[in-house]
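Numbering (the working numbering), first residue to last: 45 to 817.
The C-beta atom is built at its ideal place from N, Cα and C for all residues, glycine as well.
In what follows, a structure is listed as structure tokens, so that the remarks can point back to it.
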Ligand code: GLN
Ligand code: ZN
């Protein structure tokens, strides 16, 4: 008999470590300060410590703990494990040289492309498939995880990204003729090899994650993916005897995938039934009740793996009992990868706010409490249920959360579309802005030098006073403005030295947000961010950016562009509220930023950029939900500048080049000038822009700031000329792809000099009568 599936579990756990142990180990290894053995030892210690902690928190049953650790990325791990990425080595672990070359590149090899994991802020490495790729089992890394855990006293559950998801996320190398999903059967056979090796090692439960089944894919229909899943899991389960499969489907509800998986023969099915997902899909619970046979263990992902709010345990217990099943396991909706470690590490949060939160550790406690309550009733875990009730009650009643003036302001704009009149009239009024044809500008930030970081840190720690801090920032603004003047850029920015992060900075200056000290969440590899927590109605107690922008303006006679982060991006890169809709929060932020626009205008700043690099990120995974999202998100952006005078030029900046799907939304932002990422894809985006007949100013980036390379005048000139083939010279702006804050002045100065020189060269050509085509 196989060990029954545990009653309390989680889909996955943060890998970075409570003290960012993984980040430290990675950075020391990459810097050559520790060797491969020392690296292996330190990450092993970190993993074992994590298992002990999870057991302490209540995950004590066999197979309750999933082994979701990864050196860098779980998609890369699975791709190597099944040979979707060929791997030369067969040790007890991945070959670290090879592994990090794939993840980060080397002097002569570029890294795998990286992109967003479903609708989260985690980024995975995109495996590349070629016709010649021979799938092959490399189970060593998984075996190592299993045996080291066993030696430490834990029976963990190995985890793989599922074959349907892996092939859906993979891209094909140029010249490949076979579509990835056409190789599913071949790949399934290799998954069987991997799982058989685990089975031989005595592993009874293996977890396979198939989030692709909850999203609408580009290439395949929902039915095709469901059919593929039925085939894969039918094959695997009929071949396996002792070892059982848990298939999880995080990040949303299933459609055709539900009956397909429920009847595929798998022993356990993990579903995302968090309150958020139930709200999006009101028939979801009923469909589960109707479709999942009693023979399949339902692993109910009730605790939300993506938000930070304490769960309403009493209500959730009702949901669990309402499922009407004899046996149900309690779990998280998704991996806890997306939340910080523990609220206990946040001594400076207001106590009431801290009481409303659950990070990864607290969520494990909630899962355990629910499992115990299912067994013995809520009185089995009185502390957990009391905390949940208190959180709910105090949050509902808190004056920190509810601000009637904000609510009134939002309802007052309910019917308005936020548009500022005809773009052509604005263009006329904006002719007064003194810029030449093909104006040059930057996206906002200038290099964040060591001095800038030190001054910010010293100020935060109280080592320097506000006056000394402001003087340091002004010196940095002087440096950026002087440089722009010297290089001949037309629209000047102040350089954003005062911003640690484009979202956190605004969150720190708006009421309704809390920021954390240790709330690190992995973005990719060793990179972590600390998303702010939006807990209440948003308002702006005082101007945020005006002093910096006007200081810059006092140092130049050229136009200065004010710089704001837009409402959708602030929302996308924060933990959002669940007691009001995203739309409501976006409107609140939009209106708070509208006050900033008014103050900037009043202070004489005639150009204002509102960055929305995350507009595309929040796009729902299901096509049917997209139109309404784009409606409200775009309107919240327009609210920011709805009251701006026609003569004020509103810019926006978007950070991606796949435009097609949302080009209409970008058009509807109604910004006077839009800058976008384009250099990396060699201006491919221009085809979309030309097709959409985009009527206002547009600045496709010509300088790829993601690389330290300084582009030459010749290549920049070519890119401008390419752009002029699809964009009228009167509408084209010349700018880099994105902000410069991650670059050094040593690269930025020559690159911007070349950018201006390229513009001048093109202008000379235009004047000489070689009219752009
Ligand atoms: N204004 C921001 C900057 O230049 C924009 C950053 C972004 O697009 N992600 O840094
Ligand atoms: Zn950008």
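For residue 571, the secondary structure class from DSSP, reduced to helix, strand or coil, is strand.
Shown here, residue 292 sits in a strand according to DSSP, grouped into three states. DSSP, reduced to helix, strand and coil, places residue 393 outside both helices and strands of the structure shown, so it counts as coil. Straight across, the Cα-Cα distance linking residue 57 with residue 499 is about 35 Å. Bridge partners of residue 201 according to DSSP: 110.
Beta-bridge annotation (DSSP): residue 555 is paired with 583. Looking from the CA of residue 189, the closest CA among 254, 90, 70, 170 belongs to 90. Residues 260 of the same chain have their beta carbon placed closer than 6 Å to that of residue 667, with the five preceding and five following residues left out of the count. At the C-beta level, residue 160 and residue 661 come within 8 Å of one another.
Residues of the same chain with a CB within less than 6 Å of the CB of residue 685, apart from the 5 flanking positions on each side, are 641, 694 in chain order. Separation of residue 336 and residue 290 (C-alpha to C-alpha, rounded to the nearest whole angstrom) is 14 Å. Within a 10 Å sphere around the beta-carbon of residue 173 sit 16 or more other beta-carbons, which makes this residue buried. Looking at the backbone, the Cα of residue 723 and that of residue 46 are separated by about 55 Å. With a cut-off of 7 Å, the C-beta of residue 699 is classified as near the ligand ZN, since at least one heavy atom of the ligand falls inside that distance.
Residue range 341-347 is occupied by the beta strand (DSSP E) that includes residue 343. In this chain, the alpha helix (DSSP H) harbouring residue 799 covers 789-811.
For residue 332, no beta strand (DSSP E) run applies; the uninterrupted alpha helix (DSSP H) run containing it begins and ends at 328-335, by DSSP. Distance from the CA atom of residue 756 to the CA atom of residue 790, rounded to whole angstroms, is 15 Å.
Under the three-state reduction of DSSP output, residue 253 falls in the strand class. Where residue 593 is concerned, the enclosing alpha helix (DSSP H) starts and stops at 590-597.
Checking the DSSP bridge columns, you'll see residue 653 partnered with 607, 695. Between residue 709 and residue 674, the C-beta spacing is below 8 Å. Shown here for residue 389: same chain residues with a beta carbon closer than 6 Å to its own, the five before and five after excluded, namely 562 in chain order. Spanning the alpha carbons of residue 300 and residue 386 requires a straight line of approximately 37 Å. Contact between residue 286 and residue 254 fails: their C-beta atoms lie close to 22 Å from each other, not under 8 Å.
Of the candidates 769, 749, 741, 769 places its Cα closest to the Cα of residue 731.
Nearest in C-alpha terms to residue 609, of all of 276, 416, 680, 559, is 680.
With a contact defined as Cβ atoms closer than 8 Å, residue 404 and residue 372 miss out at about 22 Å. Ranking 725, 721, 737 by CA distance to the CA of residue 780 puts 721 first. Its chain contains 183 as the residues whose beta carbon lies nearer than 6 Å to that of residue 241, once the 5 sequence neighbours on both sides are disregarded; these appear in chain order.
Around residue 613, the same chain offers 546, 547, 655, 656, 657, 658, 659 as residues with beta carbons nearer than 8 Å, after the five sequence neighbours per side are excluded.
The three-state secondary structure of residue 717, taken from DSSP, is strand. Exclusion of residue 602 from the 7 Å shell around the ligand GLN follows from its C-beta lying no nearer than that to any non-hydrogen atom of the ligand. Not one heavy atom of the ligand GLN falls within 7 Å of the beta-carbon of residue 545.
From the listed residues 110, 489, 716, 746, the smallest Cα separation to residue 314 is found for 110.
Every unbroken stretch of the beta strand (DSSP E) spanning 3 or more residues and falling wholly within the segment 642-686 is given here in chain order: 651-655.
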